[in-house]
Amino acid sequence: MKKNHLRRNISNIFVFFFFVLIAFLCMRFELLNEERFLRSDHLDILTINSIFAGFLFTSLGIMVSFSDKKAIANKDKNGYMDKYYNSIYVGLLFLIISILFAVIGFAFPQADNLSWYLTLEQLTLIGGIIYFIKSCWSILKIIQSIRSSL
12 MKKNHLRRNI
22 SNIFVFFFFV
32 LIAFLCMRFE
42 LLNEERFLRS
52 DHLDILTINS
62 IFAGFLFTSL
72 GIMVSFSDKK
82 AIANKDKNGY
92 MDKYYNSIYV
102 GLLFLIISIL
112 FAVIGFAFPQ
122 ADNLSWYLTL
132 EQLTLIGGII
142 YFIKSCWSIL
152 KIIQSIRSSL
């Protein structure tokens, strides 16, 4: 059976366009701090990213534990669970990139002089948080699906 990845991931694509809109508005109206960061600002961003990434890894573990349920296993076999996994993967990708930016910014203070660098660090954090919210919503839907099949 051929999987229709685009149709099944439409919610993730919509969330990505929402992220692009948020990023555009943040840059257009200068809502991001592009001035010099303090070293503690990078540590704060690192802490926030680590917490959200930890929750997303936990969500991934929850998803794996659900795969032994018959209803979820059937959905996974037919490709309907891809959108749930993909939202977690994209959120983790954004957060890990932001973590790398924060670590580099903390280790090399001269990176603070690059406004594009600070912008990307903050935008990837925002993207990670947006996909974290999407992942939480997805996990709630899966839990409701499991509870209704009991």
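To convert, take the position in the sequence shown, counting from 1, and add 11; that gives our numbering.
Ideal Cβ placement from N, Cα and C applies to all residues, glycine included.
Source: prediction; values computed, not measured.
Check                                                                                                                                                              : Outcome
Output needed for THR135: all residues of its chain with C-beta closer than 8 Å, excluding positions within five of it in sequence on either side, in chain order. : PHE105, LEU106, ILE108, SER109 and PHE112
Run through the region 43-113 for me and flag every whole alpha helix (DSSP H) of 4 or more residues, listed as ranges in chain order.                             : 50-77 and 81-88
Using a Cβ distance threshold of 8 Å, determine whether the region 72-92 contacts the region 114-132, with at least three qualifying pairs required.               : no
Please return the same chain residues whose Cβ sits closer than 7 Å to the Cβ of ASN20, not counting the five positions on each side in sequence.                  : ASP93, LYS94 and ASN97
Identify the continuous alpha helix (DSSP H) that holds GLU132 and give its terminal residues.                                                                     : 126-160
Quick check on the burial criterion: 16 or more other C-beta atoms within 10 angstroms. Buried or exposed for GLU220?                                              : This structure leaves residue 220 out entirely; the chain is present only between 12 and 161.
Are the CB atoms of SER70 and CYS147 nearer to each other than 9 Å?                                                                                                : yes
LEU54 to ALA118, Cα distance in whole Å?                                                                                                                           : 10 Å
Between which two residues does the alpha helix (DSSP H) holding PHE40 run?                                                                                        : PHE40 -> no alpha helix (DSSP H), and no H or E assigned at all.
Tell me whether the beta-carbon of ILE153 lies closer than 9 Å to the beta-carbon of PHE77.                                                                        : yes
Are the CB atoms of ILE99 and LEU67 within a distance shorter than 9 Å?                                                                                            : yes
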